[in-house]
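So the structure is just underneath, and the comments pick up after that.
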Amino acid sequence: MRPSSSGVTRACTRPRHTGPRTLPFPLGPLPALLSALLVVTAACSGLGGPDTGAPAVEIRIQTPADGPDGASIEVAGLTAEDLAALRAGGLSDDEWAELLRVTVVPEDRDDREDQADGLEMPPVLGSYAIGDDGVLRFNPMFPFDPGRPYSVRFDPTHLPGRESAAIDPMVAVVALPKPDVEPTTVVDRIFPSGDRLPENQLKLYLHFSAPMSNVDGLEYLSLRDARGRAVEEPFLPLGTEFWDRDHLRYTVFFDPGRVKQGLELNERLGRPLLEGETYTLVVDPTWPDAEGNPLQAPFEKRFTVGPADTTPLDTATWRLRVPASGSTQRLVVSIPEPLDHALMRRAIGVEDEAGRYVNGEVEIGNWETRWSLTPSQPWAAGAYSLVASSILEDLAGNKIGTAFEIDVFAQVDDTTARERFTIPFEIR
Amino acid sequence: MSLRKLFSLCALVALCAFFLTPQPAVSAAEGPTLMSGGPLTFGPDNVLFIADNTGAKIVALELGDRVSSGTSGTKDVPGIDQKIAALLGTDAREIQINDLAVSPTSSNAFISVSRGRGANATPVLLRVDGAGKIDVISLADVTYTTASLPNPPDANPGARRNPRASSITDMAYVDGQLFIAGLSNEEFSSKLRSVAYPFSTVSEGTSVEIWHAAHGAFETRSPVYTFVPYKIGGEQNLIAGYLCTPLVKFPIDNLQPGAKVMGTTIAELGNRNRPLDMIVYQKDGKDYLLMSNTSRGVMKIPTEHFGHQAGLTEPVPDGNQAGISYETIAQMTGVEQLDLLDDDHVIVIARNEAGQANLEAVMLP
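Chains A and B are the protein sequences, given in the same order.
When you number the first sequence by the numbering used here, it's gap-free, plus one each residue, and the end is 429.
When you number the second sequence by the numbering used here, it's gap-free, plus one each residue, and the end is 372.
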């Protein structure tokens, strides 16, 4: 096996029955190797060249200047006759793939064949083209994954007019470099931010510092009691469906089957949280971010559990600190219990007398018991309303005037009557 | 509190105006831009509805000849996840199969997947034909229309980007209406929506918020996860599988804006379980519901008593079944997706013990 000093590998001229040859290096230490693996030439045991009639070709993966997404696999060194024949040949997709077959090298396998578990794996989809520079290019339908090895098999006997030639296929493994990146993503915050939750806590929000991958977050979360024992199935198993669109926030619902009264799961296993106990939510740092890197550090949130909260929200208990007209001071709303962080941000606002929203900066503080609005324009004197949408909830899912669990026989007609609630106030 | 009250199973359905905004038809030259590819369902005239949860919209793809340009039928494909991954140039762990729908025209299986799980995740629509050939359906020149699923109005318009997202979990088309079930990552309540198709001819749809009093006088909000349209005594109903177990029926005609409808829970299918997918089929002159579940296998449920099954009113001990009885199909394990292939077969994507996903046609039980 002698790749030429110019980096060009000549096609083998051994009889075809010897089968394809693979790379001269093992794939075991592949990750370390890949960072330097921009151009790989195929290996073969016999020297070809013009005297044998075999093309002297180079196989490489080429990254354009604008980034790896446009990377293609190139076969250079084809003879003018071969190029002309290919241009004239009108090869079908299957014929192109027989000539130049690109396959994924299966992970965690040493055989490097395009088979896995006895299944024959199809070649990577893409298009083939011959450039004006005489290079045959394979452009994948989807960008090559950085760091992933791809097997490239070039079989000159599928060049038009060379069907009867005794030339071995050339096989190379190529990969785009995968930059080594230090993990930087962390769990920023968890809501509720307080350290005391009701026994019937409905959900948690995990905020990350950077976008995360689309995986089932429950695989990386555990809830442990004071003795470090894992709580059995506390969360609703809903896979990947509770990410926000930016993949910065993950919602974790406690399994309602264990939260709601009367359910078999609740009655048999009890609620996942028990009053008086202390728990720790543990975030596994192997949770991959959107770049595939683990979290920078593990994260834990410790909290104690108070009694179940089955009381509807009552806006009559809210206290407003009203600023003076002409100022840009905050309007501060104090609420006697913590509310759901996400809904609190979205479902509370201020309207003026004409029903126009007052724009400004909303802040949530004091463990989600305080909502404030700093207006972008000074307050004008007049009548205003604090508006709370009916979707607003406390930590246990209780809404304004409606508990999470209500007696349908007593209240069936009043569950959805109002869409918003208002608290009037005056700026003087 | 009496047992009757405690375990009266019913669903309370309320309706309100809904903000489903149809967009005008878009020219074929552009093709749709999907940010994600979720649930699929076929509509009339080779239209395939695909839910784009990240894009907060439903796209109606007018697939035309793309539905039937392959060999008709669907051939078994062992290791469908690995083969799709190989075609797309990645590893099976980077592939998420989101839904499966069989074309009523060609009986080809259409599969929506995500390629990649990170920032570069790409939605891909594939077709498996009767020869087992897997093709990527290019959407570049597909004529399409969309219906947006905007977030509910925000009481605080100055808030930063709203992180609330809806995740459509199932869709079904019946008699000119597309019904849509979804979850929210903020409110634990059900949204069952409907919009008329073609989208361009409607101004708005209706929204149905569903609560179910599944386990007693405690009326609680809970999402519908999967559902199927089914006629009971000539009346079109939706049979809905709720996240925490009961199977509920309610007549579509009752779902009028402003109305409140009590649905009827016709079966209690056991706890620690989530319905995944369901179809209706006929065998030996009888109708059955076939339903896949996360932890209780595939259930075959005769529908003949759906019409007169009284709402369940008694306790259901130890998470056992109640109401309509069902049979668990022992041969069907690991079923993650299913759709009706023909009169005798259901096509499933089932994961074996080694974790390999297989696409296979199975005789209807």
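Glycine is no exception: its CB is placed at the ideal position from the N, C-alpha and C atoms.
All of these numbers come straight from a predicted model, not from anything done at the bench.
With fewer than 16 other Cβ atoms from the protein chains shown falling within 10 Å of its own Cβ, A/R429 counts as exposed. Interface flag for A/T370 against chain B is unset, since no Cβ pair is found closer than 8 angstroms.
With fewer than 16 other beta carbons inside 10 angstroms of its own, A/D133 counts as exposed.
Per DSSP, the continuous beta strand (DSSP E) segment holding B/K290 begins and ends at 282 to 290. Looking at the DSSP output, A/F209 shares a beta bridge with A/V188.
Comparing alpha-carbon positions, the option among A/P295, A/A389, A/A57 lying closest to A/M213 turns out to be A/P295.
Listed by position along chain B, the residues whose Cβ is nearer than 8 angstroms to that of A/D245 are P170, R171, A172, N192.
Bridge partners of B/V231 according to DSSP: B/Y249. Interface with chain A (8 angstroms Cβ-Cβ cutoff): B/D98 is included. Ranked by how close their Cα comes to the Cα of A/D83, the residues A/E121, A/Q63, A/S73, A/G135 have A/G135 in first place. According to the DSSP assignment, B/L133 belongs to the beta strand (DSSP E) that extends over 129 to 135. DSSP places A/P157 in the helix class (H, G or I) of the three-state scheme. Shown here for A/Q297: same chain residues with a beta carbon closer than 7 angstroms to its own, the five before and five after excluded, namely P184, T185, T186, V187 in chain order. The Cβ-Cβ distance between B/I308 and B/Y288 does not fall below 8 angstroms.
Interface annotation for the segment 352 to 371 of chain B against chain A: A361, Q363, criterion Cβ-Cβ distance under 8 angstroms.
Contact between B/A116 and B/I331 is ruled out by a C-beta separation of about 29 angstroms, above the 8 angstroms threshold. Residue burial annotation: A/S73 is buried, with at least 16 other C-beta atoms found within 10 angstroms of its C-beta.
Note on geometry: alpha-carbon atoms of A/E96 and A/T158 lie some 11 angstroms from one another. A direct Cα-to-Cα measurement between A/D196 and A/R303 gives close to 7 angstroms. Inter-residue distance for A/R230 and A/V323 is about 48 angstroms (C-alpha atoms, whole angstroms). Residues P236 of the same chain have their beta carbon placed closer than 6 angstroms to that of B/V181, with the five preceding and five following residues left out of the count. If you check the CB distance, B/V135 and B/V120 do not come in under 8 angstroms. Here B/M42 has D59, T61, G62 as same chain residues with Cβ atoms under 6 angstroms from its own Cβ, once five neighbours each way along the sequence are excluded.
Taken atom to atom, the span from the alpha-carbon of B/H312 to that of A/R272 is near 35 angstroms. According to DSSP, B/L41 shares a beta bridge with no other residue. Contact between the segment 325 to 344 of chain A and the segment 370 to 389 of chain A is established, with three or more Cβ pairs separated by less than 8 angstroms. For the segment 198 to 217 of chain A, the beta-carbon criterion of a distance under 8 angstroms to any beta-carbon of chain B is satisfied by L203, K204, P212, S214, N215, V216.
For A/D146, a Cβ of chain B is located within less than 8 angstroms of the residue's own Cβ. Contact between A/E420 and A/P308 does not hold, since the beta-carbon distance rounds to 30 angstroms and is not under 8 angstroms. When the beta-carbon positions are compared, A/V284 and A/R225 stay at least 8 angstroms from each other.
Any Cβ of chain A closer than 8 angstroms to the Cβ of B/F195 would place that residue at the interface, and such an atom is present. Taking a Cβ-Cβ threshold of 8 angstroms, the residues of chain A close to B/K90 are L120, M122, P123, in chain order.
Annotation for A/G90: no beta strand (DSSP E) segment contains it, though the alpha helix (DSSP H) segment containing it runs 81 to 90. Cβ contact annotation for A/A130 (same chain, cutoff 8 angstroms, sequence separation greater than five): L137, R138, N140, in chain order. Three or more Cβ pairs closer than 8 angstroms define a contact, and the segment 344 to 352 of chain A meets that threshold against the segment 384 to 401 of chain A.
Residues of the segment 105 to 130 of chain B with a C-beta atom less than 9 angstroms from some C-beta of chain A are S121, R122, G123, R124, G125, A126, N127, A128, T129, listed in chain order.
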